[in-house]
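The numbering used here puts the first residue of the sequence shown at 368, with every later residue one more than the last.
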Amino acid sequence: METDWIIRPERPEDRRETETLVREAFWNRYRPGCTEHFVLHRYRTDPAFVPELDFVMEERGRLVGQIVFSRASLALDGGGTFPVWTFGPLAIHPDCQRRGLGLALLDHALEAARGMGVGAVCMEGALDFYRHAGFDLASKLHLHCDGEPPDAEVPYFLARELVPGFLRGVEGSYRTPRGYFAADDDPAGFAAFEATFPPKEKALGPGQLPQSCQSCGMPLARNEDCGTEADGGRNFDYCKCCYAGGRFLRDFTMEEMIDHCAGFLDGENKHLPSPVSEAQYRERMRAFFPRLKRWRTPPGNAVSV
Ligand SMILES: CC(C)(COP(=O)(O)OP(=O)(O)OC[C@H]1O[C@@H](n2cnc3c(N)ncnc32)[C@H](O)[C@@H]1OP(=O)(O)O)[C@@H](O)C(=O)NCCC(=O)NCCS
């Protein structure tokens with residue numbers, strides 16, 4: 368394996384190159400386009416950000432990898448909070464993946480974190496990669512993911528103790544720091560930032576997280592199912608039945624949307640393993656719709672932890 372690389376702290380003059388690298392690595396990977404470069408851009412001034420653990424990997428004068436860490440916390444089941452840390456974005460340039468660089472960078476950063484006294488790290492990611500760095504399902508350590516049932520084994524919610532026994536007797540729920548939602552919290556700021564990069568085509572694709580219309584909840588499986596902007600470009604947040612030509616086709620409230628969708632129950636029931644009643648269907652929509660972008664309430668008093 369080539370080892371012609373070094374790992375060093377990120378410098379202010381690296382920032383644009385690092386953000387470009389993150390954009391390249393994440394583009395269309397988990398969803399059409401990506402927001403992780405904006406998360407990184409904003410995070411550097413977030414109080415939860417840990418400047419001592421902001422590393423880049425450089426190979427023959429070019430940045431090929433980056434990782435940053437953030438303070439987070441667990442809401443303990445018995446009340447109170449407990450400090451854990453998290454990290455991300457972690458990115459290796461697409462030209463350089465699967466050469467062991469991601470693991471080398473992560474191992475280096477985790478060792479540095481341990482050296483700073485960090486006891487445990489939680490994060491959301493793919494176990495296939497992170498198990499190589501000692502991560503396992505967080506549920507095995509009695510930790511649960513905010514928004515999921517406490518006994519659920521969430522396959523992407525992972526944790527590792529850097530200090531053995533650090534989480535002994537700790538049971539609680541992890542809340543992703545608000546900084547990771549920078550693009551949701553400031554869509555206009557994100558759009559302005561994204562416009563400073565060369566245009567890149569967004570697309571739905573294999574291996575991405577399931578996408579659904581952020582107005583009616585319909586799964587978005589094909590690019591053709593997506594809405595359109597005024598200039599004819601695709602909008603990947605909304606389906607074509609909800610959003611076309613840069614506007615919502617119906618000026619609904621959330622309740623009106625639920626009434627509208629309840630009319631499709633017979634069709635929906637054909638795809639469900641056991642049919643649901645209209646009352647159950649409405650109840651599910653009332654629980655799910657407030658999480659959709661169109662109906663979500665602004666974060667208001669949400670704070671980074
Ligand atoms: C995820 C990422 C950081 C991994 O870095 P990398 O340098 O490609 O990974 P490594 O070569 O160190 O991988 C080590 C092992 O992890 C596993 N692994 C790595 N990437 C994997 C993937 N995408 N799927 C499944 N297993 C993977 C493999 O077992 C690999 O060993 P192998 O190549 O001998 O089979 C990199 O692919 C990346 O930047 N991806 C896009 C951004 C991203 O997803 N970041 C993480 C967000 S949680």
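Even glycine gets a Cβ: it sits at the ideal position worked out from N, Cα and C.
When burial is assigned at 16 or more other CB atoms within 10 Å of the CB, is N602 buried or exposed? Numbered from its first residue, the sequence shown carries residue 602 at position 235. Answer is buried; the Cβ neighbour count reaches 16.
Helix, strand or coil for N602? Go by DSSP, reduced to three states. Indexing the sequence shown from 1 puts residue 602 at position 235. Strand, per DSSP.
Name the one or two DSSP bridge partners that C512 has. Against the sequence shown, residue 512 aligns to sequence position 145. BP columns for C512 point to Y541.
Can you give me the C-alpha to C-alpha distance between C463 and D503, rounded to a whole angstrom? Counting from 1 along the sequence shown, the entry for residue 463 is found at position 96. Counting from 1 along the sequence shown, the entry for residue 503 is found at position 136. Spanning the two alpha carbons is a distance of roughly 25 Å.
With a CB to CB cut of under 7 Å and the five nearest residues on each side skipped, what residues in its chain are close to P418? Your numbering for residue 418 matches position 51 in the sequence shown. So the list is empty, once near-sequence residues are dropped.
Option in A442, A458, G556, D552 with minimal Cα separation from Q700: The chain is shown only over 368 to 672; residue 700 falls outside these bounds and no answer can be derived.
On the three-pair Cβ rule with 8 Å, is the region 533-544 touching the region 555-564? no
Roughly how many angstroms lie between the CA atoms of E384 and W452, to the nearest whole one? For this step, residue 384 is matched to residue 17 along the sequence shown. For this step, residue 452 is matched to residue 85 along the sequence shown. The straight-line gap from Cα to Cα measures roughly 25 Å.
Under 6 Å: does the beta carbon of L576 sit that close to some heavy atom of ligand 1? One-based indexing of the sequence shown puts residue 576 at position 209. Checking every heavy atom of ligand 1 against the Cβ of L576, none is found closer than 6 Å.
Per-residue DSSP class, three states only, for A562: By 1-based counting over the sequence shown, the position of residue 562 is 195. Of the three classes helix, strand and coil, the one that applies to A562 here is coil, per DSSP.
Helix, strand or coil for M424 per DSSP? Along the sequence shown, read from residue 1 onward, the residue named residue 424 stands at position 57. Correct three-state label for M424: strand.
P376 versus V431: straight-line alpha-carbon distance, rounded: For the purposes of this step, residue 376 is taken as the residue at position 9 of the sequence shown. For the purposes of this step, residue 431 is taken as the residue at position 64 of the sequence shown. Distance between the alpha carbons of P376 and V431 is about 13 Å.
Just the C-alpha distance for A415 and R438, rounded to the nearest angstrom, thanks. As a working mapping, residue 415 is identified with position 48 in the sequence shown. As a working mapping, residue 438 is identified with position 71 in the sequence shown. C-alpha separation (whole angstroms): 5 Å.
Indicate the three-state DSSP secondary structure (helix, strand or coil) for D495 in the structure shown. Counted from its first residue, the sequence shown places residue 495 at position 128. DSSP places D495 in helix when its eight states are reduced to three.
Less than 6 Å separating the Cβ of L510 from some heavy atom of ligand 1? Counted from its first residue, the sequence shown places residue 510 at position 143. Every heavy atom of ligand 1 is 6 Å or more from the Cβ of L510, so no.
Nearest to D626 by CA position, among E520, Q581, Y648, M424, is which residue? The count along the sequence shown starts at 1 and reaches residue 626 at position 259. Looking at the Cα atoms, Y648 is the closest of the given residues.
How should H499 be labelled, buried or exposed, when 16 other C-beta atoms within 10 angstroms of its C-beta is the threshold for buried? Start at 1 with the first residue of the sequence shown, and residue 499 comes out as number 132. Burial call: exposed.
If contact is defined by three or more beta carbon pairs under 8 Å, each pair taking one atom from either stretch, is the region 401-415 in contact with the region 504-516? no
Between which two residues does the alpha helix (DSSP H) containing E403 stretch? Here the question's residue 403 lines up with position 36 in the sequence shown. E403 -> alpha helix (DSSP H) spans 403-410.
Between the C-alpha atoms of A442 and L639, what's the straight-line distance to the nearest angstrom? As a working mapping, residue 442 is identified with position 75 in the sequence shown. As a working mapping, residue 639 is identified with position 272 in the sequence shown. About 35 Å.
With a threshold of 6 Å (Cβ to nearest heavy atom), would H475 be considered close to ligand 1? On the sequence shown, position 108 is the one that residue 475 refers to. Because no heavy atom of ligand 1 lies under 6 Å away, the Cβ of H475 does not count as near it: no.
Run the CB neighbour count on V485, radius 10 Å, all protein chains shown included, and call it buried at 16 or more, exposed below. Position 118 of the sequence shown, counted from the first residue, corresponds to residue 485. Buried is the call here.
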